[in-house]
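Everything on this sheet refers to the single structure shown next.
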Amino acid sequence: SNTNIANTAEKDPLIIAHRGASGHEPEHTIEAYKLAQKMKSDYIEIDLHMSKDGQLVAIHDYALHRTTNGTGYVKNKTVKQLQTLDAGSWFSSKGKGAYIPTLDEIFATFGNDIRYYIETKSPHEYPGMEKKLMALLDKYTINKQQLIIQSFSDESLRTFHHLEPSIMLIQLVSYRQGLLTSHQLKNIHRYADGIGSSSKTLTKSYIKMVQSYGLDIHAYTVNDTKEMKKLIQWGVNGIFTNYPDRLYKVVHPY
Ligand code: G3P
Ligand code: CA
22 SNTNIANTAE
32 KDPLIIAHRG
42 ASGHEPEHTI
52 EAYKLAQKMK
62 SDYIEIDLHM
72 SKDGQLVAIH
82 DYALHRTTNG
92 TGYVKNKTVK
102 QLQTLDAGSW
112 FSSKGKGAYI
122 PTLDEIFATF
132 GNDIRYYIET
142 KSPHEYPGME
152 KKLMALLDKY
162 TINKQQLIIQ
172 SFSDESLRTF
182 HHLEPSIMLI
192 QLVSYRQGLL
202 TSHQLKNIHR
212 YADGIGSSSK
222 TLTKSYIKMV
232 QSYGLDIHAY
242 TVNDTKEMKK
252 LIQWGVNGIF
262 TNYPDRLYKV
272 VHPY
């Protein structure tokens, strides 16, 4: 939908810290984001859900049990309830004290010192989440030219495209969907700037094909150095990784 990204593999691939530096710190905690920033990531990836009282919060799953000591669903808890949960101990003993951050708090903490790569999760469950995100961007004057928004939901991305056509949008593609056809890629190009694909589905020729339709391609989630090197050689425009330090070394070897 815009032209703020040069679609060329000659540029270094973006280092996208998946859920923060989540290989080192519990995912989606301020600690994980701070470490990702320290490791010189280009973007911090944030998955969003919404609390019962309508606040956007950073957590990957719809349910609480994997990454917190809570049970049930994010959408049935108030922010106050969510923030009493321990979001760090499941990961390691030093994760104690980590909690689920609100997006408001993340923007208040980092402002424009980092770049955000934000995913709307289950947007059909949270009507209005796109408008809430836009309002927070305005509240903290987050630079929209430095922001990327991603979703598996084309509807959510189309909503952003209408609200603010200059924001870079990435259509996520599930492993299950496999490789897209030229028809599908052309259709995505009407509202988005690129696709985010499972690295497991990618081939060199497919990457070239996607780019030939004017779309960037970002690969998720790559933690192995050899795989990073291969994908970069194939020309991907960005890589999501739980280990931004590893990817940084691959991209900047000297
Ligand atoms: O957003 C890219 C990648 O994170 C998509 O998968 O399930 O980790 O959000 P998931
Ligand atoms: Ca994600």
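In short: position in the sequence shown from 1, add 21, done, that's full-length UniProt numbering. We treat Cβ as the ideally placed atom computed from N, Cα and C, and that holds for glycine.
Under the three-state DSSP convention, the category residue i falls into
i	result
Q171	strand
H45	coil
T123	strand
E185	coil
I228	helix
V257	coil
Y234	coil
Y212	coil
I37	strand
H239	strand
L193	strand
T262	strand
N28	Caution is warranted here: a pLDDT of 43 is assigned to N28, below 50, making its placement in the model unreliable, and no coordinate value can be reported.
S143	coil
Y137	strand
Residue i vs residue j beta-carbon contact at 7 Å
i	j	result
Y137	L157	no
T89	L106	yes
L236	H210	yes
I67	A79	yes
residue 279	M60	No statement about residue 279 is possible, as the shown extent of the chain runs from 22 to 275 and does not include it.
G259	P122	no
S219	Y196	yes
Q104	Y120	yes
I37	Y269	no
Straight-line gap, residue i to residue j (C-alpha atoms, nearest Å)
i	j	result
M150	L77	7 Å
K250	V271	7 Å
residue 281	L190	No information on residue 281 is available, as it lies outside the stretch 22 to 275 that the chain covers here.
T180	K165	15 Å
T141	D63	20 Å
L56	H182	31 Å
Y264	S72	29 Å
N23	E248	Note on N23: pLDDT 43, under 50, position unreliable in the model; no value is reported.
P148	T262	29 Å
L252	S187	28 Å
T99	D245	38 Å
D159	A213	21 Å
K32	Q254	12 Å
F112	T242	18 Å
Q102	K115	22 Å
Y227	L200	8 Å
residue 17	E52	As shown, the chain starts at 22 and ends at 275. That puts residue 17 outside it, with no answer to give.
Y275	P47	30 Å
F131	H145	28 Å
L206	G256	18 Å
Buried versus exposed, by CB contacts within 10 Å (16 or more), residue i
i	result
residue 276	Nothing in the structure corresponds to residue 276, since the chain is present only between 22 and 275.
E176	exposed
Q192	buried
A108	buried
A129	exposed
N133	exposed
request  = Entirely within the stretch 58 to 129 and at least 3 residues each: give me those beta strand (DSSP E) ranges in chain order.
outcome  = Here the runs fully enclosed are 64 to 71, 77 to 79.
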